[in-house]
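Worksheet: one structure, shown below.
Protein chains: 2
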Amino acid sequence: MLSKANIKYIRLLQQKKYRQKNRVFIAEGEKIVQEIFTQEQFNIHSIYATAEWEQQNINSLKAHRAQFNLVTTQELGKISQLQKANQVLMLLEYSSAALPTTQELENQWCLVLDQIRDPGNMGTIIRIADWFGIEHIFCSQDCVDAYNPKVVQSTMGSFLRTKVHYIDLQELFEKHKNLPKYGAVLDGQNAFQSNYESAGFLVIGNESRGVSDTIKGMLTHHITIPKYGHAESLNAAIATGILCAAIKK
Amino acid sequence: MLSKANIKYIRLLQQKKYRQKNRVFIAEGEKIVQEIFTQEQFNIHSIYATAEWEQQNINSLKAHRAQFNLVTTQELGKISQLQKANQVLMLLEYSSAALPTTQELENQWCLVLDQIRDPGNMGTIIRIADWFGIEHIFCSQDCVDAYNPKVVQSTMGSFLRTKVHYIDLQELFEKHKNLPKYGAVLDGQNAFQSNYESAGFLVIGNESRGVSDTIKGMLTHHITIPKYGHAESLNAAIATGILCAAIKK
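Chains as they are written, first to last, in my numbering: chain D, 52 to 300; chain C, 52 to 300.
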């Protein structure tokens, strides 16, 4: 049974300010939910599911002390973000993943997103990071919220295996002066002819404007995906995928 | 002035069957429309624009003998696919781009899309092809329609510089037995350690199921983007971008 107050509460979680106030966000879909049971980054706040789903997942439910709400498929449709509501919707608590230490940063590549605004791009970039084994993603404060339901869905579960930090990028770079900072620009060195160190920051800029001037001024390397045709630019997520492949190869 | 019949006609063009019947599709947005004036692949069928736009583009209009319809911003909103209607909407005639000859195919890379279903992916892939200088894209008959308004918009103008052919892929490959056919699979050779010839087909499969069995059986090379993390797969457009970079580098 789904109360009106419950419906209102969950619907409001589509808005960033309510998510931030309650430190809770929505995850949906059978497959993602199965993965949630096996991870430790996010605590489950509550579960809204059909009787059928409850029966099939009785063991997982016992192992997790989350508030369980039995709902009908019709009720689920009222709170679901999906075109076709699934059997289950979960609310997860915000994670407070610790920032990596300087020593940790000296041994791994991290992504840095400067004003990425499109939820689909953010989700796809998180999925790319997960594919390439990149654990930490630093986002400027004005990036789209990674807990936006559209972002969460489009990561295909990869949000469970990456850590997204919203942070002042200038402060981050000032703190880590000695680490290499590669930025995707339109007039840099061929990304496939650059020699990469084994750790550093890969900076991806805004969908229309690219890397902002302040951050561009702090880069140690400017890299570019060579162009053979006429498109004015590549989508930010596509550029991220290609550059991750370039630094990892 | 926009008649009811006109509104109905343009709205129906959102559906594939009406586009195919009339061999006409929609393109919108100031920037794309400017590029349309400078290309030769598509004939302009008709233009729906505001008085302001007409005044600013009087020379381009004189140079193109298209049917012009003066509309208000409000009227444009009724036929526009964009969230915020622009100043102008164009109907373009389907192009009947000739298939490349065997000799042409021996000298260039082409993309082959096997059951790509998502309009956003199709649009992004067309943009990637344009960036990497790939002129021809062969699509299986059950790929999403490249003249879908969402596809057209998301190519960011690149649909004007690439040629999309819907074709029986099996027949295509049988006809060009001697050309290399590289397919993106999950268990192939590292795409960055493969030696590529200077021409061939790069095959990208369906978003969930990958390359279909029949087509997989006709591939000459299986290639894979090396995985360092845990994501189950990469988005089809991301994979296309990375593999185009790999074959072109």
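Beta carbons are placed, not taken as given, at the ideal position from N, Cα and C, and that holds for glycine.
Which residue's Cα is closest to the Cα of residue i: the options?
i: D:E86; options: D:Q204, D:S263, D:I293; result: D:Q204
i: D:Q138; options: D:C194, D:Q107, D:F88; result: D:Q107
i: C:K305; options: C:Y279, C:E283, C:H281, C:S249; result: It is not possible to answer for residue 305 of chain C, since the shown part of chain C is limited to 52 through 300.
i: D:D181; options: D:N57, D:I58, D:A296; result: D:A296
i: C:Q118; options: C:Q134, C:S97, C:A235; result: C:S97
i: C:F210; options: D:G128, D:K135, D:G280, D:I95; result: D:G280
i: C:T271; options: C:S263, C:T265, C:M173, C:L230; result: C:L230
i: D:K267; options: D:F224, D:L294, D:V195, D:C194; result: D:F224
i: D:K59; options: D:G261, D:L127, D:A114, D:L253; result: D:L127
i: D:Q90; options: D:I61, D:A114, D:N199, D:E283; result: D:A114
i: D:P277; options: C:I298, C:T153, C:S259; result: C:I298
i: D:K232; options: D:Y247, D:F243, D:N241; result: D:Y247
i: C:E222; options: C:Y69, C:T206, C:T265; result: C:T265
Please report the straight-line C-alpha distance between residue i and residue j, rounded to a whole angstrom.
i: C:T101; j: C:T124; result: 6 Å
i: C:I218; j: D:Q132; result: 36 Å
i: C:K201; j: D:R116; result: 44 Å
i: C:G184; j: D:L121; result: 54 Å
i: D:I167; j: C:H227; result: 43 Å
i: C:N110; j: C:W104; result: 11 Å
i: C:G239; j: D:T275; result: 27 Å
i: C:I77; j: C:L140; result: 7 Å
i: D:K82; j: D:L143; result: 15 Å
i: C:L64; j: D:L237; result: 37 Å
i: D:N257; j: D:W160; result: 20 Å
i: D:I293; j: C:A197; result: 24 Å
i: C:H216; j: C:V84; result: 23 Å
i: C:G174; j: C:D193; result: 16 Å
i: C:L156; j: C:F252; result: 9 Å
i: C:M52; j: D:E79; result: 46 Å
i: D:Q92; j: D:S146; result: 6 Å
i: D:S284; j: C:A56; result: 38 Å
i: D:Q244; j: D:A235; result: 14 Å
i: C:S54; j: D:A242; result: 53 Å
i: D:K72; j: D:Q134; result: 27 Å
i: C:T149; j: C:I61; result: Sequence inspection shows Ala at residue 149 of chain C; the Thr mentioned does not correspond to that position. Going from the Cα of C:A149 to the Cα of C:I61 covers about 27 Å.
i: D:A301; j: D:S259; result: As shown, chain D starts at 52 and ends at 300. That puts residue 301 of chain D outside it, with no answer to give.
i: C:G261; j: C:T152; result: 28 Å
i: C:I130; j: C:R178; result: 25 Å
i: C:T206; j: C:Y99; result: 21 Å
i: C:G208; j: D:G208; result: 32 Å
i: C:R70; j: D:H273; result: 44 Å
i: C:L112; j: C:M269; result: 48 Å
Could you please give me the residues that DSSP links to residue i through a beta bridge?
i: C:N57; result: According to DSSP, which records beta bridges pairwise, C:N57 is partnered with nothing at all.
i: C:F189; result: C:V163, C:H216
i: D:K232; result: D:F252
i: C:E81; result: Per DSSP, none; premise fails for C:E81.
i: C:S97; result: C:Q118, C:L142
i: C:F88; result: The partner list for C:F88 (beta bridge, DSSP) is empty, contrary to what the question assumes.
i: C:V320; result: No statement about residue 320 of chain C is possible, as the shown extent of chain C runs from 52 to 300 and does not include it.
Taking only beta-carbon atoms, is residue i less than 8 Å away from chain E?
i: D:I87; result: Of the protein chains in the structure, D and C, none is chain E.
Once the 5 residues before and after residue i are set aside, which same chain residues still bring their CB inside 8 Å of it?
i: D:I176; result: L162, L164, I167, I188, I255, A287, A288, T291
i: C:V75; result: L64, H96, L142, L143, E144, Y145
i: D:Q154; result: none
Excluding the 5 residues preceding and the 5 following residue i in the sequence, name in chain order all residues of the same chain whose CB lies nearer than 6 Å to its CB.
i: D:N172; result: A287, A288
i: D:S67; result: The question names Ser, but residue 67 of chain D is Lys in the sequence shown. The residues are D196.
i: C:S191; result: D165, Q166, L220
i: D:S263; result: D165
i: C:N199; result: P170
i: C:N94; result: E144
Please list, in chain order, all residues of the same chain as residue i whose beta carbon is under 7 Å from its beta carbon, the five residues on each side excluded.
i: C:E186; result: Q159, T213, K214
i: C:F88; result: S111, H115
*asked:* My parser needs the beta strand (DSSP E) runs of 3 or more residues fully inside the stretch 116-157 of chain D; what are they?
replied: 118-121, 139-144
*Let me know the alpha helix (DSSP H) ranges lying completely inside the stretch 239-287 of chain D, each 4 residues or longer, listed in chain order.*
264-267, all fully within the stretch 239-287 of chain D.
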